[in-house]
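All remarks here apply to the structure that follows.
Number of protein chains: 2
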Amino acid sequence: MSHFLDSVSTIITVFHQHAKEDGDQSKFNRRKMKEFIQKEFADAIVVSTIDKILQFLEWDGDGEIDFNEFLLLVFRVAKACY
Amino acid sequence: MSHFLDSVSTIITVFHQHAKEDGDQSKFNRRKMKEFIQKEFADAIVVSTIDKILQFLEWDGDGEIDFNEFLLLVFRVAKACY
Numbered sequence: 001m002s003h004f005l006d007s008v009s010t011i012i013t014v015f016h017q018h019a020k021e022d023g024d025q026s027k028f029n030r031r032k033m034k035e036f037i038q039k040e041f042a043d044a045i046v047v048s049t050i051d052k053i054l055q056f057l058e059w060d061g062d063g064e065i066d067f068n069e070f071l072l073l074v075f076r077v078a079k080a081c082y
Numbered sequence: 001m002s003h004f005l006d007s008v009s010t011i012i013t014v015f016h017q018h019a020k021e022d023g024d025q026s027k028f029n030r031r032k033m034k035e036f037i038q039k040e041f042a043d044a045i046v047v048s049t050i051d052k053i054l055q056f057l058e059w060d061g062d063g064e065i066d067f068n069e070f071l072l073l074v075f076r077v078a079k080a081c082y
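So the protein sequences, as listed, match chains A and B.
In this text, residue positions in the first sequence follow UniProt numbering: the first is 1, and each later residue adds one.
In this text, residue positions in the second sequence follow UniProt numbering: the first is 1, and each later residue adds one.
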């Protein structure tokens, strides 16, 4: 498996490790997402910024974060921090 | 840097290595995207499927693939293959 595919599979695995099963889909709740970002981006982001990010993101209204929303959030934070 | 963040940074780097600079944004064109998927998912996907995937994806109409579209495409293919 290429380094690229290994990276893709790591991200999918990490999502499923943290997300709770919700019917046929896994989802993050907002609190868990905040904790996750704080842990992963601890050295590059302050808590108030995380709150702003979570507020700005247009969730699909259910207050929970599905895989696509997780992806876009994580990569947006990563690009902002690095 | 955590394994998770390392994976995120690998994906961002690979995108920028392959995408051409287009003003202030980098983009993939359709041909390059097809080649990229063929290379990365060679052992798990046939060419006709790649064409279908590229057709189904709702590009924003400019025929080019920006970073978010690249993300969603790659993870959709990865989840379908593995």
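We treat Cβ as the ideally placed atom computed from N, Cα and C, and that holds for glycine.
Beta strand (DSSP E) containing Ser2 of chain B: first to last residue?
-> For Ser2 of chain B, no beta strand (DSSP E) segment is defined, and its DSSP state is neither H nor E.
Inter-residue Cα distance where the pair is Glu69 of chain B and Ile53 of chain B | Put simply, the backbone Cα of Glu69 of chain B is about 12 Å away from that of Ile53 of chain B.
Could you list which residues in chain A have their beta carbon closer than 8 Å to that of Glu35 of chain B, in chain order?
-> Within 8 Å Cβ-Cβ: nothing; Glu35 of chain B doesn't reach chain A, min ~14 Å.
At a CB-CB cut-off below 7 Å, which residues of chain A make contact with His3 of chain B?
-> His3 of chain B reaches chain A at Thr10, counting residues in chain order whose Cβ is nearer than 7 Å.
Under 7 Å between C-beta atoms, does Ser26 of chain B make it to chain A?
-> Ser26 of chain B does not count as touching chain A.
Closest by C-alpha distance to Gly26 of chain A, when choosing among A:His16, A:Lys34, A:Met33 | First, the amino acid is wrong: residue 26 of chain A is Ser here, not Gly. Checking every option, the nearest Cα to that of Ser26 of chain A belongs to A:His16.
On the three-pair Cβ rule with 8 Å, is the stretch 7-15 of chain A touching the stretch 65-81 of chain B?
-> The stretch 7-15 of chain A makes contact with the stretch 65-81 of chain B, as at least three CB pairs between them are under 8 Å.
Could you tell me the distance, in whole angstroms, from the CA atom of residue 86 of chain B to the CA atom of Ala80 of chain B?
-> Since the first and last residues shown for chain B are 1 and 82, residue 86 of chain B lies out of range.
Ile65 of chain B by DSSP, collapsed to three states: which one?
-> Here Ile65 of chain B sits in strand by DSSP.
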